[in-house]
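Since the structure comes first, as structure tokens, the remarks are kept for the end.
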Amino acid sequence: MTTTPSVDSGDRSHALAPIESVAQISSALRDTDPTLDPRLAAKARQAAADGVVLLRNDGVLPFGERTVAVFGRVQLDWFAVGYGSGGDVKVPYVWNLLAGLRDAGVRVDDALADRYASWTAANRPEISTEWGRWPHHFAEMPVEATVAEAAAERAEVAVVVLGRAAGEARDSLLEPGSYFLAAEETELLDRVTAAFERTVVVIDAGNVMDLGWLDRYGDRIAGLLYAWQGGMEGARAVAGVLAGEIAPSGRLTDTIATRYDDYPSAENFGDAEVTVYAEDIFVGYRYFETFAPERVLFPFGFGLGYAEFEERVVDASVTADRVEVIVEVANVGTRHPGRQTVQLYVAKPGRALAQPARELAGFAKTSLLAPGDRERVTITVELAELASYDDAGSTGHRNCWVLEAGEYDFLMGTDVRRATSAASVTLDDLRVVRRVQEAAAVDPRTPFRKMTAARDGEGRVRVAWEDAPTSTVDRRARVLSDPLRLVPPTGDRGIRLDAVAAGTATLDDFIAQLTIDELADLARGDVIMDSPLGTPGNAGVLGGVSASLRAKGVLPVTTADGPSGIRLSAYASLLPSGTALASTWDPELVRELAELHGREMVRKGAHVLLGPGMNLHRNPLCGRNFEYFSEDPLITGRLATAVVAGLQSQGVAACPKHFAANNQEESRTLNDSRVSERALRELYLRGFEICVREARPLAMMTSYNKVNGVWSHYHRDLVTTILREEWGFEGCVMTDWWMESAVDPDFPALEDNAYRVRAQVDVLMPGGVKDEGGRQSYVDRTIQDSVAREGGLSLEELQRGARNVLRLVLALAPVITARA
Ligand code: BGC
Numbered sequence: 001m002t003t004t005p006s007v008d009s010g011d012r013s014h015a016l017a018p019i020e021s022v023a024q025i026s027s028a029l030r031d032t033d034p035t036l037d038p039r040l041a042a043k044a045r046q047a048a049a050d051g052v053v054l055l056r057n058d059g060v061l062p063f064g065e066r067t068v069a070v071f072g073r074v075q076l077d078w079f080a081v082g083y084g085s086g087g088d089v090k091v092p093y094v095w096n097l098l099a100g101l102r103d104a105g106v107r108v109d110d111a112l113a114d115r116y117a118s119w120t121a122a123n124r125p126e127i128s129t130e131w132g133r134w135p136h137h138f139a140e141m142p143v144e145a146t147v148a149e150a151a152a153e154r155a156e157v158a159v160v161v162l163g164r165a166a167g168e169a170r171d172s173l174l175e176p177g178s179y180f181l182a183a184e185e186t187e188l189l190d191r192v193t194a195a196f197e198r199t200v201v202v203i204d205a206g207n208v209m210d211l212g213w214l215d216r217y218g219d220r221i222a223g224l225l226y227a228w229q230g231g232m233e234g235a236r237a238v239a240g241v242l243a244g245e246i247a248p249s250g251r252l253t254d255t256i257a258t259r260y261d262d263y264p265s266a267e268n269f270g271d272a273e274v275t276v277y278a279e280d281i282f283v284g285y286r287y288f289e290t291f292a293p294e295r296v297l298f299p300f301g302f303g304l305g306y307a308e309f310e311e312r313v314v315d316a317s318v319t320a321d322r323v324e325v326i327v328e329v330a331n332v333g334t335r336h337p338g339r340q341t342v343q344l345y346v347a348k349p350g351r352a353l354a355q356p357a358r359e360l361a362g363f364a365k366t367s368l369l370a371p372g373d374r375e376r377v378t379i380t381v382e383l384a385e386l387a388s389y390d391d392a393g394s395t396g397h398r399n400c401w402v403l404e405a406g407e408y409d410f411l412m413g414t415d416v417r418r419a420t421s422a423a424s425v426t427l428d429d430l431r432v433v434r435r436v437q438e439a440a441a442v443d444p445r446t447p448f449r450k451m452t453a454a455r456d457g458e459g460r461v462r463v464a465w466e467d468a469p470t471s472t473v474d475r476r477a478r479v480l481s482d483p484l485r486l487v488p489p490t491g492d493r494g495i496r497l498d499a500v501a502a503g504t505a506t507l508d509d510f511i512a513q514l515t516i517d518e519l520a521d522l523a524r525g526d527v528i529m530d531s532p533l534g535t536p537g538n539a540g541v542l543g544g545v546s547a548s549l550r551a552k553g554v555l556p557v558t559t560a561d562g563p564s565g566i567r568l569s570a571y572a573s574l575l576p577s578g579t580a581l582a583s584t585w586d587p588e589l590v591r592e593l594a595e596l597h598g599r600e601m602v603r604k605g606a607h608v609l610l611g612p613g614m615n616l617h618r619n620p621l622c623g624r625n626f627e628y629f630s631e632d633p634l635i636t637g638r639l640a641t642a643v644v645a646g647l648q649s650q651g652v653a654a655c656p657k658h659f660a661a662n663n664q665e666e667s668r669t670l671n672d673s674r675v676s677e678r679a680l681r682e683l684y685l686r687g688f689e690i691c692v693r694e695a696r697p698l699a700m701m702t703s704y705n706k707v708n709g710v711w712s713h714y715h716r717d718l719v720t721t722i723l724r725e726e727w728g729f730e731g732c733v734m735t736d737w738w739m740e741s742a743v744d745p746d747f748p749a750l751e752d753n754a755y756r757v758r759a760q761v762d763v764l765m766p767g768g769v770k771d772e773g774g775r776q777s778y779v780d781r782t783i784q785d786s787v788a789r790e791g792g793l794s795l796e797e798l799q800r801g802a803r804n805v806l807r808l809v810l811a812l813a814p815v816i817t818a819r820a
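So, in structure tokens, the structure goes:
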């Protein structure tokens, strides 16, 4: 049996020694050329700036000619990205906020700045070298009241910079210094707001943190800006916004609640073994707008600019299949340019199926409008895209995507709360939009109650609970009914993969020649990270991992993390994190950035980017939220589509991850995400579906966790029934790094890799390892043994997996060979 080391054992080659700041936890220094494409840096700065969300401004911003006293060590020790594989890029430089402000011409109080410079130089942050033990915040410089008062003599405005980081294997914690303010930060805010009439707070974080303390300072906090983690150019982008060089235009892609306990997932987060998604479809604003609008500090979609806008619906047309709303946006201010984001929400009739009060249905962002300018944007929504999934049969159409009869109200606004009715359409009869197979539903052995909406005696909507529908599928029968096709083996006929690329042979001609060993080799990576077959510092190599495959022209494919840059030994650009990108609400800009990112991949020799990260922000504490986009699946899907399309336009591959329901880092390799099929399909899979259908990613990574009792890397329903059969995915599916050992409960002759290949999870990454006297080597023969066994893996299945892998190799061959 394969030894499958747990990735959180601390014994990982990607737990490399950190240096100094988070952004510089990087791989061995083997590439000494720090020159990067200045166009990529410029685009990254633009994206980081457009993702900055201004949450409060009494007119204090932009700073203009005012002198500014900057407090908080994070002005120098800027968190450019979160921890772990997602941002571990060898980046040649990272801007800090102080340097950015000076660069943007802001007058800063030099005396205070000098104090911070010497204190931070003498008190370097302690960053543990142990994987997953990184600090959530850095100890703050104590500021006596006299220091704040003296600064207030020299400067008119104060800035307090707060910083947070979380990451892979490192959830945020409900503790001071993580989700909550540290005592020393409260003290800092107390002193600064006592000395200054107006303080601007800048939050440099990958996760939403508690903002309940805002009230305590009243209007002395004159400005508040959520900067997210914008990569190497992020701090400079924030400085540009504060200075007024760049107009802020970011909008929240998450709800900021009054308190942590208000989040509907609060009670079901962080358990080591089981996470019950009891809130069901009521994630984020879907919950708050329906049941608890008063528990929101800043609603989904919210963000301010410097300009003043007016939006007006100039036309709304409704047909049987489509709604089109044209909105005119006017910059009616006199001083500042800006961009506005128009959002369209839908309120669906909740008859047999409970529905959230509002759901995002579409959005559009204007270009930069000068004072007096106006622009029309059009938002088109296909009604079919709004269908809900009936997993209980309550509409009479079990396992169908349906539009229930009734009124669909479309609300236009600049955040979810402020949207008002712009158009409506009434369906007289229920429409079945698509009929599918039940898949990945709740295991009947582990039932649970889930949230739904009901009306009380006075007609008010309130939380109610009902049983989650459980699975009725005979998985064994489903697997046995798979249409499999045998390619009769021919032995070696001298056909190389190049011939398939050139069109002189078919892929089947090629596959017919492969031995069982060669087919099994295609189902694994080259075992170690930083494989010698790939570009130095790679995350793993797949494809041509054996001499005999390479002799047949199968090229080794280099994978690299992602998503916020390229994690190799070479220098690369550190780009804005997923949340920062999503907060731009600008898929076109993100696509342009991804194109340049793809070009950098070609130059650096990375063929598959392990990203974008596409899991939902189900809970504000999830460590990898910075890599992911939003609590909403539509914005997740649209932004991921932009990333994938941009990268793949350069000939490289994207590998969206983690498929699916990887919504916490605590015990991520063991945790079972128990979720109704409806919530799975409408929320957790929806972003992936949009991305697969629209951008056709060439690869996909499964998650570590289980989904309704089955590890994703064995999950045939997820990967075959839904991803491939329903959505038409034709690419290569790989595991997240290593996997857990298991025997297929329906087919005991299949274990580990054989079980996985049957599910069409094609490649074990970075490969199976066995420790032989301290040396890691690949000696696993589970696949070969299973093929030889009665009732084991079939040759057809092995060939099918090989086909999926070789399609990826063929698609990448032009970039691989061009560089070589
Ligand atoms: C992470 C993946 C990453 C992989 C390779 C895993 O631990 O979950 O997101 O791509 O390592 O570094």
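Numbered by full-length UniProt numbering, the letters in the sequence shown go through residues 1 to 820 in order. Beta carbons: idealized from backbone N, C-alpha and C, even for Gly. Small disclaimer: the values here were computed from a predicted structure and weren't measured.
Rounded C-alpha distance that separates residue i from residue j
i: threonine 258; j: leucine 211; result: 7 angstroms
i: serine 6; j: tyrosine 704; result: With a pLDDT of 27 at serine 6, under the threshold of 50, the modelled position of this residue cannot be trusted; read the value that follows with caution. In a straight line, the C-alpha of serine 6 is about 10 angstroms away from that of tyrosine 704.
i: leucine 61; j: threonine 199; result: 10 angstroms
i: glycine 594; j: leucine 647; result: Contrary to the premise, residue 594 reads as alanine rather than glycine in this sequence. Straight-line Cα distance between these residues: approximately 5 angstroms.
i: glycine 709; j: valine 201; result: 44 angstroms
i: glycine 791; j: serine 481; result: 14 angstroms
i: threonine 515; j: leucine 484; result: 18 angstroms
i: asparagine 753; j: valine 787; result: 11 angstroms
i: tyrosine 714; j: proline 697; result: 21 angstroms
i: glycine 177; j: glycine 163; result: 9 angstroms
i: serine 249; j: threonine 579; result: 14 angstroms
i: glycine 303; j: glycine 613; result: 24 angstroms
i: glycine 350; j: proline 293; result: 18 angstroms
i: alanine 813; j: leucine 54; result: 45 angstroms
i: asparagine 399; j: glutamate 677; result: 9 angstroms
i: valine 809; j: leucine 555; result: 7 angstroms
Residue i versus the options, residue with shortest Cα-Cα distance
i: leucine 589; options: Gln46, Arg39, Leu36; result: Gln46
i: aspartate 428; options: Gly59, Tyr408, Ala364; result: Tyr408
i: valine 192; options: Ala169, Ala183, Ile221, Val208; result: Ile221
i: phenylalanine 688; options: Asp744, Val652, Val643, Val675; result: Val643
i: aspartate 561; options: Phe300, Glu308, Cys655; result: Cys655
i: alanine 699; options: Gly801, Asn662, Gly623; result: Gly801
i: glutamine 437; options: Val473, Ala423, Leu369; result: Val473
i: threonine 275; options: Leu723, Glu796, Thr669; result: Thr669
i: alanine 364; options: Asp586, Val432, Val442; result: Asp586
i: residue 829; options: Gly350, Ala361, Phe309; result: Absent from the model: residue 829. The displayed extent of the chain is 1 to 820, so no value can be given.
i: methionine 316; options: Met412, Asn96, Tyr217, Leu810; result: The sequence given here places alanine at residue 316; methionine does not occur at that position. Looking at the Cα atoms, Met412 is the closest of the given residues.
i: tryptophan 228; options: Arg758, Ser583, Gln784, Met734; result: Ser583
i: alanine 347; options: Val402, Ala117, Leu683, Thr420; result: Thr420
Cutoff 6 angstroms; reference residue i; Cβ partners in own chain excluding five residues on either side
i: glutamate 245; result: Ala104
i: residue 828; result: Limits of the chain in this structure are 1 at one end and 820 at the other, which puts residue 828 out of reach.
i: alanine 695; result: Thr641, Val644, Ala645
i: glutamine 799; result: Val487, Ile511
Residues bridged to residue i (per DSSP)
i: glutamate 592; result: Beta-bridge pairing links glutamate 592 to no other residue.
i: proline 614; result: Correcting the residue identity first, residue 614 is methionine in this sequence and not proline. Looking at the DSSP assignment, methionine 614 forms no beta bridge with any residue, so it has no partner.
i: serine 673; result: Thr275, Val707
i: cysteine 732; result: Ala699
Neighbourhood of residue i by C-beta distance below 7 angstroms, restricted to the same chain and skipping five residues each side
i: arginine 803; result: Leu507, Ile511
i: glycine 491; result: Gln513
i: tryptophan 727; result: Glu689, Val692, Arg693
i: glutamate 382; result: Asp321, Arg322
i: alanine 352; result: Ser394, Thr395, Glu404
Other residues of its chain near residue i: CB distance less than 8 angstroms, five sequence neighbours each side excluded
i: glycine 64; result: Gly244
i: valine 602; result: Gln650, Gly651, Val652, Val815, Ala818, Arg819
i: valine 805; result: Leu522, Ala523, Leu542, Gly543, Cys732, Asp762, Val763
i: phenylalanine 298; result: Leu55, Leu211, Leu252, Thr255, Ile256
Assumed close pair residue i, residue j - CB separation to whole angstroms, cut-off 8 angstroms
i: asparagine 96; j: alanine 235; result: 5 angstroms
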